[in-house]
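**Student:** In the UniProt record's numbering, the protein residues as written are 1 to 133.
1) With distances taken from CA atoms, which of 68, 12, 15 and 121 is nearest residue 81?
2) So, is residue 114 buried or exposed, given that buried needs 16 or more other C-beta atoms within 10 angstroms?
3) The alpha helix (DSSP H) with residue 46 in it runs from where to where?
4) Considering only residues of the same chain and omitting the five flanking positions on each side of residue 69, which have a CB-CB separation below 8 Å?
5) Name, in chain order, the residues that DSSP records as bridge partners for residue 10.
6) How is residue 127 classed by DSSP in three states: helix, strand or coil?
7) DSSP state of residue 119, grouped into three classes?
8) Return the residue from the list 106, 100, 71 and 124 that minimises the CA-CA distance to residue 17.
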């Protein structure tokens, strides 16, 4: 998605239907374009250099699956599902991820985000005993 790579908030919002639904491992179900793009913008704030490294792409009809890695350096505040905000860790992250999107009428209507939360927290240094392995 070019809008993600260019960090163009308006273009990214335009990719989603107004009533789109997303499912995330950390925030649960997100309803509506604003909630979904807000979720993604929070990642941009926490990791301004974030990028997606594709390892595989699949398409079948109006469904696309992207496997790869979310890569970036945590140089901004990170908002947790609890509402707490953590200061930047300065750590570089490389988290395996998979996205499944469904498109109708040229807009994303459903987006499933998958990533390993333990790996994410471990690479941030929040699970010191796990990140040592």
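We put the CB at the ideal spot given by N, CA and C, even for glycine.
**Tutor:** Taking the coordinates as given:
1) The count along the chain shown starts at 1 and reaches residue 81 at position 81. Comparing alpha carbon positions, the residue from 68, 12, 15 and 121 closest to residue 81 is 121.
2) Walking along the chain shown from the start, residue 114 turns up at place 114. It counts as exposed.
3) Locating residue 46 in the chain shown gives position 46, counting from the first residue. Counting along the chain, residue 46 sits inside the alpha helix (DSSP H) bounded by residues 33 to 46.
4) Residue 69 sits at position 69 when you count from the first residue of the chain shown. 52, 53, 55, 94, 95, 96 and 97.
5) One-based indexing of the chain shown puts residue 10 at position 10. Residue pairing from DSSP leaves residue 10 without any beta-bridge partner.
6) As a first step, residue 127 is located in the chain shown; it is residue number 127 there, counting from the start. Correct three-state label for residue 127: coil.
7) Mapped onto the chain shown, residue 119 falls at position 119. Helix at residue 119.
8) Taking the first residue of the chain shown as 1, we reach residue 17 at position 17. Per the Cα distances, 106.
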